[in-house]
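For reference, the structure discussed in these notes is given below.
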Amino acid sequence: MIYYIGADHAGIAIKTFVKELFEDRGHEVIDLGPFNTNRVDYPDFAAKVCEAVLKNEDTKGILICGTGLGMSMSANKFDGIRAALCHNTFSASMAREHNDANVLCLGERVSGYGTVESIVDAWNNSEFQGGRHAGRVDKINKLGSCRI
Ligand code: RB5
């Protein structure tokens with residue numbers, strides 16, 4: 001699997017850590033920045049990662065900010081992105097198994113290194129189960145074009 005990864009200044013330390021974890025588990029990780037600790041705006045990096053995931057088949061994304069909230073809110077604006085903010089292993093497994101999440105969001109100020117490693121393992125060891133979940137994911141995807 002190819003993963004695109006991005007962060008803001010509040011997620012940049014965990015970005016490097018997570019990139020290495022995914023690479024250790026056999027994935028290719030393409031880092032879309034930032035590459036220094038200058039302050040940046042998380043929607044800009046959420047957009048870079050989500051656009052890359054949507055343009056390239058069979059890829060997924062990882063987004064990290066201070067809480068993971070801004071990244072998940074931004075990513076879920078993109079039609080076709082199912083971004084899951086995970087602070088624990090159960091959420092990470094369910095995000096893959098039930099929701100077929102294609103972007104993992106993490107909060108560097110919320111989850112420490114050990115927790116992040118266990119979240120990454122839970123994510124990697126879980127597959128979408130399809131079945132009754134598939135119709136619900138289709139319904140999520142159709143909401144992407146809802147406007148009121
Ligand atoms: C940056 O200070 C912080 O607001 C951002 O990283 C994130 O936590 C927003 O959701």
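Sequential numbering of the sequence shown, starting at 1, is according to the numbering used here. The C-beta atom is built at its ideal place from N, Cα and C for all residues, glycine as well.
Hey, residue i and residue j are a contact pair by Cβ (cut 8 angstroms); roughly how many whole angstroms apart?
i	j	result
E97	Q129	5 angstroms
C86	C105	7 angstroms
L54	G70	Contact doesn't hold; Cβ gap of about 19 angstroms is too wide.
A83	S91	With a Cβ gap of about 12 angstroms, A83 and S91 do not count as contacting.
T37	I5	With a Cβ gap of about 16 angstroms, T37 and I5 do not count as contacting.
E28	I2	5 angstroms
S93	A134	17 angstroms between Cβ atoms; not a contact.
V103	L143	The pair is not a contact, with the Cβ atoms about 16 angstroms apart (cut-off 8 angstroms).
D165	D8	The first residue shown for the chain is 1 and the last is 148, placing residue 165 beyond what the model contains.
V110	V18	14 angstroms between Cβ atoms; not a contact.
N124	R25	5 angstroms
E117	L21	6 angstroms
Could you give the residue range of the alpha helix (DSSP H) that holds residue i?
i	result
L32	Taken as a continuous stretch (DSSP letters only), L32 belongs to no alpha helix (DSSP H), as it is neither H nor E.
I83	Reading the sequence as shown, one finds Ala at residue 83 and not Ile. Looking at the DSSP string, A83 is not in any alpha helix (DSSP H); the run it does join, the beta strand (DSSP E), is A83 to L85.
V103	Note, V103: premise wrong, no alpha helix (DSSP H); beta strand (DSSP E) at V103 to G107.
T67	Unbroken run through T67: none, as it is neither H nor E.
I5	Note, I5: premise wrong, no alpha helix (DSSP H); beta strand (DSSP E) at I2 to A7.
N124	Y113 to N124
I14	I12 to D24
R147	Here R147 belongs to no alpha helix (DSSP H), and DSSP marks it neither H nor E.
R96	T89 to E97
E51	Y42 to K55
Over what stretch of residues does the beta strand (DSSP E) that includes residue i continue unbroken?
i	result
G130	Element bounds for G130: n/a, residue is neither H nor E.
K77	Premise fails: K77 is in no beta strand (DSSP E) and is neither H nor E.
Mind checking whether the beta-carbon of residue i lies closer than 6 angstroms to any heavy atom of ligand 2?
i	result
C65	Absence of ligand 2 from the depicted structure is noted, with ligand 1 being the only ligands included.
State whether the segment 45-53 contacts the segment 72-82, with contact taken as three or more CB pairs (one from each stretch) at a distance under 8 angstroms.
Judged by pairs of C-beta atoms under 8 angstroms, the segment 45-53 touches the segment 72-82, as three or more such pairs exist.
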